[in-house]
Amino acid sequence: MQQRKHRIVIASGRHDLAQLVPALEEEGYEVLVCDEGARALELALARPPVMMVVETSLSLLPTERLVQILRANPRTERIAFCFIGREGEEVEGFRRHRDQFFVRPFNCEQLLGDVLGYLHRLERTRRVGRQDREVEGALDQISLVDLLQIFSLNRKDGLLTLRRRDGQTGTITLLGGLVTNARLGQMQGEKAFFRLLGWSEGSFSFVPGGRREDEARISLPTDHLIMEGLRQQDELAALCGQLPAADDELVLRVPRDHLPPGLRPATQEILLLLQYYRRVRDILDHSSRPDLEVLQILQVLLDKGILELAPAAAESAEGNGSLLDSEEVIAIKEAFGEGDSLFEAASVKLVLLPASRADLDAFVACLQGVREFEPDAGLLRTAEDFPLGDVGRLKVADSFAIRLFCLPTTPDAVPLWRPFCRRLLGVLVLGEGEHLDAAEEFFRLNSRTPIIPLAGTGKRPGCIPLAPGDRQGLKQLLSALAEPYRRPAELDLET
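So for the sequence shown, the UniProt record's numbering puts the first residue at 1; every next one is plus one.
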């Protein structure tokens, strides 16, 4: 006699579902059939099935009440339901990651195929969950939701690594079956988890034990975490076209000092990011908030007129070219003694001397929308008037980058200036201020590199103005910095 695999309960007062029984039994499943809700509950409680195929209009015990009772019982809470009902009907307690809904009249072969497909995926997932060694597989064969649920059921510890075909890699840390952290690029915690939850293609590998030292950043129970992530995905899909698109670019219309006081922390974070990023995709990637929340905040700011979409005019061929041409890059690398390694990665410093934090922020705002600009995350977290450190970098070519480094110009910072005279592409003087002349003169005498004044927040006479998103202006600025390196004899780079 063929060994029974798992039990399936079919509850329906109609006879068309009886066609499923022979095919399911041929697959080795034990199939029990009843025609009303109370009997279905009795069968499910006696020995929990892996799936119940039920009408949405059961007699004696309504379907929604049946589901509510079984979901509240720890022994039966993981039963998957396949509901059969009318078009447009909603079932309370429906779980998208576990349940299915078929509209009558249905195609019996399609219904059978979906039921068997789910059961086969469930069996594959359970085999993975029972193993105590490293396992791997494909996400289109075993979904991430199924994996996490079976790891939760078996209280697994370990590190789950996900890899997409486009090269992206993410990780999920589990302790006792609970998700304690997730990582995707710079993102961690729930935000990274919600992104990973949307991956339906690629591969996975699970290493028992994994990275135990990973800091716990997620406290929600795994089932609640999954449900919240799927809810956000559903809401994003429903609002598609009503929220900003990932490739949209945004511009702040209201001066920052005119923004209303008492803004929510989430809104303040988004406005801060808008100082450094214009593209919605970049704001999403660098915000700590879930994507749905960020997009909703951006839409509210657009609706209130605080933000507006940047003009979608295409850049000219001249404005869309490289920030420095290959001859300029080669000249700079040769001037710094790297003529024999032109294809190896290298970087040089461009020192920024701001008169104030506002002048620094104005310069960074000018780099918004420049795809080569990568702001440094540390700058976003400091509120210092005269910060010391990396502002970001301009990745001019695959093998060449310009580090933007901010130096304070106050008298107590004078001892810091000399070490930054070496390997220096040039100096940008931002704005005008009490101590700026002394700092400018110091670098003019000691660095022997180009020094270019920029207007900053004011309109200083003789200074180069640079507008936000002015790619052509930035190219001209960098070309002016690169021009002396075509004549390296005029520069003393080792001073």
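All C-beta atoms, glycine included, are put in the ideal place defined by N, C-alpha and C.
- Between the C-alpha atoms of Trp417 and Gly202 there is a straight-line separation of about 50 Å.
- When the five nearest sequence neighbours on each side are left out, the beta carbons in the same chain lying within less than 8 Å of the beta carbon of Leu252 are those of Leu271, Leu274, Ile306 and Leu307, in order along the chain.
- With a cut-off of 8 Å on Cβ pairs, the stretch 226 to 233 is not in contact with the stretch 157 to 175, counting fewer than three such pairs.
- Using a 10 angstroms sphere on the CB of Ser288, the tally of other CB atoms stays under 16, which defines it as exposed.
- Boundaries of the beta strand (DSSP E) harbouring Arg183: Leu178 to Leu184, taken from the DSSP string.
- Straight across, the Cα-Cα distance linking Gly433 with Ser205 is about 57 Å.
- Within the UniProt domain "PatA-like N-terminal" (136 to 236), the alpha helix (DSSP H) runs of at least 4 residues that lie entirely inside it are, in chain order, 144 to 153 and 189 to 197.
- Contact between the stretch 353 to 360 and the stretch 402 to 420 is present, with at least three C-beta pairs closer than 8 Å.
- For the pair Phe151 and Gly189, the CB atoms are not nearer than the 7 Å cut-off.
- Between Leu350 and Leu404, the C-beta spacing is below 7 Å.
- In this structure Gln368 is buried. Its beta-carbon is surrounded by 16 or more other beta-carbon atoms within 10 angstroms.
- Glu27 and Ile8 have their alpha carbons spaced roughly 12 Å apart.
- Per DSSP, Cys366 is one residue of the alpha helix (DSSP H) stretching across Arg357 to Cys366.
- Leu17 and Phe83 have their C-alpha atoms roughly 11 Å apart.
- Our two residues, Lys395 and Trp199, have alpha carbons roughly 30 Å apart in a direct line.
- Non-local C-beta neighbours of Leu196 in its own chain, meaning closer than 8 Å and more than five positions away in sequence, comprise Leu144, Leu162, Gly170, Ile172, Ala182 and Leu184, ordered along the chain.
- By the neighbour-count criterion, in which a residue is buried when 16 or more other Cβ atoms sit within 10 angstroms of its Cβ, Gly431 is buried.
- Taking Phe442 as the centre and dropping the five residues before and after it, the same chain places the C-beta of Trp417 closer than 7 Å to its C-beta, in chain order.
- C-alpha of Ile142 to C-alpha of Phe336: approximately 53 Å in a straight line.
- Going by C-alpha positions, Gln296 is about 24 Å away from Pro375.
- Beta bridge pairing from DSSP links Val251 with Glu308.
- The three-state reading of DSSP puts Val115 in helix, counting H, G and I together.
- The shortest C-alpha to C-alpha distance from Asp234 to any of Glu249, Arg281, Asp291 and Leu259 is the one to Asp291.
- According to DSSP, residue pairing for Ile10 in a beta bridge involves Val33 and Val53.
- Cα atoms of Glu55 and Cys108: separation of roughly 15 Å, rounded to the nearest angstrom.
- Ser12 is the residue among Gln242, Ser12, Asp285 and Tyr277 whose C-alpha sits nearest the C-alpha of Arg39.
- Following the DSSP letters along the chain, one finds Glu374 inside the beta strand (DSSP E) bounded by residues Phe373 to Pro375.
- According to the DSSP secondary-structure assignment, Leu424 is paired through a beta bridge with Lys349.
- Annotated as distal: Pro105 and Thr76, with beta-carbon spacing of 7 Å or more.
- Taking all protein chains shown into account, Ala44 has 16 or more neighbouring C-beta atoms within 10 Å of its C-beta and is therefore buried.
- Boundaries of the alpha helix (DSSP H) around Arg444: Leu436 to Asn446.
- Separation of the CB atoms of Val207 and Glu134 is rounded to 5 Å, and the pair is thereby assigned contact status at 8 Å.
- Setting aside the 5 residues that flank it on each side, Phe81 is surrounded in the same chain by Met52, Val54, Val67 and Asp99, each with a C-beta closer than 7 Å to its C-beta; the list follows chain order.
- Bridge pairing for Phe94: absent [DSSP].
- DSSP places Asp385 in the coil class of the three-state scheme, outside both helix and strand.
- The three-state secondary structure of Gly85, taken from DSSP, is strand.
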